[in-house]
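Undergrad: In case it helps, our numbering puts the sequence shown at residues 84 to 134.
Just so you know, even glycine gets a beta-carbon here, dropped at the ideal spot from N, CA and C.
Here it is: the structure, laid out below.
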Amino acid sequence: GYLKEDHIRPVITLVIHFGAEEWDGPLSLHEMMSTRDMELLSFVENYRIHL
84 GYLKEDHIRP
94 VITLVIHFGA
104 EEWDGPLSLH
114 EMMSTRDMEL
124 LSFVENYRIH
134 L
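Shown next, in the form of structure tokens:
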């Protein structure tokens, strides 16, 4: 179990684009999802993709 004195480690997601053309895809987790239901999305962190 998780105790109050425990600590978590940070997680860094790294995305590397090797394409010859500039990236024109989604720049956040919400943009990658097929739903636009704001009530549902309010439970999902909207992680940004930093390019």
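Rounded to the nearest angstrom, how far is the Cβ of residue 111 from that of residue 131, given a contact under 8 Å?
TA: Translated into positions along the sequence shown, residue 111 becomes position 28. Translated into positions along the sequence shown, residue 131 becomes position 48. With 8 Å as the limit, residue 111 and residue 131 qualify as a contact, their Cβ atoms being about 5 Å apart.
Undergrad: Opposite residue 111 in the DSSP bridges: which residues?
TA: Along the sequence shown, one-based indexing puts residue 111 at 28. DSSP, once it has assigned bridges, lists 131 as partnering residue 111.
Undergrad: DSSP three-state label for residue 116, please.
TA: The residue given as residue 116 occupies position 33 in the sequence shown. It is coil, neither helix nor strand.
Undergrad: How long is the line joining the alpha carbons of residue 114 and residue 125, rounded to whole angstroms?
TA: The count along the sequence shown starts at 1 and reaches residue 114 at position 31. The count along the sequence shown starts at 1 and reaches residue 125 at position 42. Straight across, the Cα-Cα distance linking residue 114 with residue 125 is about 13 Å.
Undergrad: Just verifying my parser: in three-state terms, what is the DSSP assignment at residue 124?
TA: Taking the sequence shown and counting its residues from 1, the one referred to as residue 124 is at position 41. In this structure, residue 124 counts as helix in the three-state DSSP scheme.
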